[in-house]
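Asks: For the protein sequence lines, the chains are A and G, in the order given. In terms of my numbering, the first sequence opens at residue 30 and continues consecutively. In terms of my numbering, the second sequence opens at residue 30 and continues consecutively.
2 protein chains.
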Amino acid sequence: MYGWKDNIRRVRPYIPGEQPELKDMIKLNTNENPYPPAPAVEWILRGYDAEELNRYPDPSATLLVDAIARRYDLRREEVFVGVGSDDVLAMSFMTFFHSNRPLLFPDISYSFYDVWAETFDIPYRKIPLDDHFEIHSEDYAGENGGIIIPNPNAPTGIDAGQEKLEQIIRANPNAVVIIDEAYVDFGAVSLLPLIDRYDNLLVVQTFSKSRALAGSRIGFAMGNPELIRALWDVRNSFNSYTMDRITQKLGAASIEDEEYFQVQLARVVASREWTKKELRRLGFYFPDSRTNFIFARHERLPAIEIFHALKEAGILVRHFALPKIDNYLRISIGTDQQMQDMIRFLDHYLADH
Amino acid sequence: MYGWKDNIRRVRPYIPGEQPELKDMIKLNTNENPYPPAPAVEWILRGYDAEELNRYPDPSATLLVDAIARRYDLRREEVFVGVGSDDVLAMSFMTFFHSNRPLLFPDISYSFYDVWAETFDIPYRKIPLDDHFEIHSEDYAGENGGIIIPNPNAPTGIDAGQEKLEQIIRANPNAVVIIDEAYVDFGAVSLLPLIDRYDNLLVVQTFSKSRALAGSRIGFAMGNPELIRALWDVRNSFNSYTMDRITQKLGAASIEDEEYFQVQLARVVASREWTKKELRRLGFYFPDSRTNFIFARHERLPAIEIFHALKEAGILVRHFALPKIDNYLRISIGTDQQMQDMIRFLDHYLADH
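1. Pull up the distance between the alpha-carbon of I384(A) and that of A189(A), whole angstroms please.
2. Hey, is the segment 350-357 of chain A in contact with the segment 325-338 of chain A, meaning 3+ C-beta pairs nearer than 8 Å?
3. Would DSSP call F113(A) helix, strand or coil?
4. Can you name the residues of chain A whose CB is closer than 7 Å to the CB of G32(G)?
5. Beta-carbon within less than 6 Å of L308(G)'s beta-carbon, same chain only, minus the 5 sequence neighbours each way: which residues are those?
6. Along chain G, in chain order, which residues have C-beta atoms closer than 9 Å to that of P66(A)?
7. Which residues in chain A have a C-beta closer than 7 Å to the C-beta of N321(G)? List them in chain order.
8. Whole angstroms are fine: how far does the CA of P131(G) sit from the CA of T91(G)?
9. Output yes or no for whether 7 Å exceeds the beta carbon distance between P184(G) and Y212(G).
10. Please list the partners that M54(G) has in chain A, where partner means a Cβ-to-Cβ separation under 8 Å.
11. Under DSSP, the beta strand (DSSP E) around H327(A) begins and ends at which residues?
12. In its own chain, which residues sit with a C-beta less than 6 Å from the C-beta of T271(G), not counting the 5 before and 5 after it?
13. Please check the pair D214(G) and L294(G), which I expect to be a contact at CB under 8 Å, by giving their CB distance rounded to whole angstroms.
14. Based on Cα-Cα distance, which residue from P254(A), A67(A), Y64(A), V206(A) lies nearest to L103(A)?
15. At the level of alpha carbons, what is the spacing between N60(G) and W261(A)?
16. Let me know the secondary structure DSSP gives H348(A) once reduced to three states.
17. Look at V94(G) and V117(G) and say whether their C-beta atoms are less than 7 Å apart.
18. Give the range of the beta strand (DSSP E) segment to which T185(G) is assigned.
19. So who's on the other strand from A299(A), going by DSSP bridges?
20. What residues of chain G sit near I275(A), judged by a beta carbon separation below 9 Å?
21. Using beta-carbon positions only, say whether A282(A) and I73(A) come within less than 7 Å of one another.
22. Please determine, among I284(G), I208(G), D159(G), the residue with the shortest C-alpha to C-alpha distance to A98(G).
23. Step through the CB atoms of chain A and report whether any lies within less than 7 Å of the CB of N268(G).
24. Put P316(A) into one of helix, strand or coil per three-state DSSP.
25. In terms of DSSP beta bridges, what is M251(G) paired with?
26. Any idea if V205(A) is buried or exposed, counting beta-carbon neighbours within 10 angstroms, 16 or more meaning buried?
27. On the CB-based measure, 16 or more other CB atoms within 10 Å of its CB, does D273(G) come out buried or exposed?
28. Got a sec? Which residues, its chain only, sit under 7 Å from K193(G) by beta carbon, not counting five neighbours each side?
29. With a cut-off of 8 Å on the beta carbons, I'd call D376(G) and L311(G) a contact; round off their distance for me.
30. Would you mind working out which of V232(A), F322(A), A146(A) sits nearest L221(A), comparing C-alpha positions?
31. Check this for me: beta carbons of G244(A) and R84(G), under 7 Å apart or not?
32. Can the beta-carbon of L223(G) be found less than 7 Å from the beta-carbon of I176(G)?
33. Who are the neighbours of D262(A) on chain G, taking C-beta pairs under 7 Å?
34. Reducing DSSP to helix, strand and coil, say where K56(A) ends up.
35. Looking at the structure shown, is R226(A) part of a helix, part of a strand, or coil, going by DSSP?
36. Any C-beta of chain A sitting closer than 7 Å to the C-beta of N173(G)?
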């Protein structure tokens, strides 16, 4: 005897970072950009014709796809967009890793990868990073049904560099290799120029971090037209109209403001470098970050203790209760003021403990 | 020898209705609402604080969930929201039909059902409607892994009525039965009151039709908390932040304006009834529609011929080149002016052909 409950797909839900709506909290736990999106976003909203919302959006999101293609000097056929890079990545898992061979990814990386693999019944094998959280290309040479690597890696912040990653792509011509570049704009080198050379390379980026539009949900993938076509086919077999009209316009307008983008990036990078210096002074160790967060442990105090002390002081950072990394804190880069407040608190706290 | 192309999931893409952005076209092909959304939608956009878009949205969409719960007199735990009802339905297929027994649905119904079943490797069996496009409850008594029925049905527009559907739900306590009520507000009776009586019933609705927000992508499901919990779990294992900040606010504000909703619905229904009368006069036959479209064939001329003649005249309706229904046109209800223009054209065209 069975019932309807037997037919329910059992999943391991992803636990997102806390999203308190408290205005006086210093929120450094989800790697959001502390600055507002490009000014054009507000202008679009002020002048938006609400009447047109009675019509379905363009399922191909042409306006946005074309704006991204222009920015990265690509053809329209080389760009796919989705509702945040999580959507782009989930669709990519469904599309490209439909195999009985294991998907490979670093054992410390974005925590959604194993969730998707399990949700879509994709076998997978986690490849250990070394003791310095570094990737070694030769570890990705075995038989596989695909590879995904975040670069810079999350939550470590380390940039593996083009050479290592290109070796992996070259060694695996029979598997799609996805480089998840959510944080690349903060100081790493994108592999985008390699998509012409390797037809198995897909580069995924997002508007949520460097473009300060986490609230609007825009992610995108770039690769050869055959990969991109396959993604659109799976997308359209699933839900043809995922990106709403307003988001398409906001995204297109925001990516056109290159000057604002660069100025705002430079501010985040400057705050990060200042924060690194201060954290070092306070006895923290961390791999060199090329992202908008720092992944740090303290020479003396356990991470979880500092995590709770910060939280009590109204400063929210991220702690992962996972093997190998449970003594680290992932601290997102906020405004200068926020970073100064955090350092001032840590200064006093560490003096007393 | 294999290559990365062997690992690509091959799907049958859904072909959405044409979405020309031509302002002078009379667009009666995708069942959109001809009226603008509630006035509050525009106010929200004018006053929206663009700065907050740098933060991730609330993954539980609490503001919107609570607004829907208030409107339908439910608890928060009984409401799930997604990016259009296609998203809600795709998630429901993944969540509830994870079985080796066939999913059952009418052979003439929403054309996405078989696409999803194939995408998620769900076996399915299409149950033939009778010659009048009617559902018979006893046809849904066999062993199955779930049932989904649109009511009113699309593209026929027929309301099966509560009795028949309740028989199906009652006869299948071991399967989740989804009633897809995308068009219910235009004159059918919702099964929502039955969710307290049947724990296997999920009712799905959308903001795209009756609430004139197709451009914003909001769908929702209502059912007992266990069903709803399972949907959120699958959703969160997939993509935690799907509904953007702006859409959550627009949706919540729009559902609160009950008066605008009723007035605008009454206008669509009045135009539909007028159009029925005129189509009858012109020699069209159609099942009685309880939706915002009419599914009609002509006594003399083939549907495809009328379809092309209308298109040439700048009037876009929908034709499905599918068995049993290829001699029908699905005509969405537009404004009075649009319906009058269409009838005037048909009047002349039919006199000459």
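We treat Cβ as the ideally placed atom computed from N, Cα and C, and that holds for glycine. Fair warning: this is a prediction, and the values are worked out from it, not measured in the lab.
Replies: The short version:
1. The requested residue 384(A) does not occur in the structure, where chain A is confined to residues 30 to 382.
2. yes
3. It is Gly, not Phe, that sits at residue 113(A) in the sequence shown. In this structure, G113(A) counts as helix in the three-state DSSP scheme.
4. Neighbours of G32(G) on chain A, chain order: N203.
5. A325
6. A79, E80, L82, N83
7. Neighbours of N321(G) across chain A, judged by C-beta separation under 7 Å, do not exist; the nearest C-beta is about 11 Å away.
8. 35 Å
9. no
10. Simply none; closest approach about 11 Å.
11. Start and end: 322-327.
12. V112
13. Indeed, because the Cβ distance is near 6 Å, the residues count as touching under 8 Å.
14. P254(A)
15. 24 Å
16. coil
17. no
18. No beta strand (DSSP E) contains T185(G), which DSSP labels as neither H nor E.
19. The partner list for A299(A) (beta bridge, DSSP) is empty, contrary to what the question assumes.
20. L74, G244, S245, D273, I275, T276, L279
21. yes
22. Distance check between A98(G) and each of I284(G), I208(G), D159(G) places I284(G) closest, using alpha-carbon atoms only.
23. Flagged as an interface residue toward chain A: N268(G), by a C-beta distance shorter than 7 Å.
24. coil
25. V108(G), V232(G)
26. buried
27. Buried.
28. I164, S166
29. Indeed, because the Cβ distance is near 7 Å, the residues count as touching under 8 Å.
30. V232(A)
31. Closer than 7 Å, so yes.
32. No, the pair does not count as a contact, with Cβ atoms beyond the cut-off.
33. V40, P42
34. K56(A) sits in a strand when the DSSP states are folded into three classes.
35. Coil at R226(A), not helix or strand.
36. no
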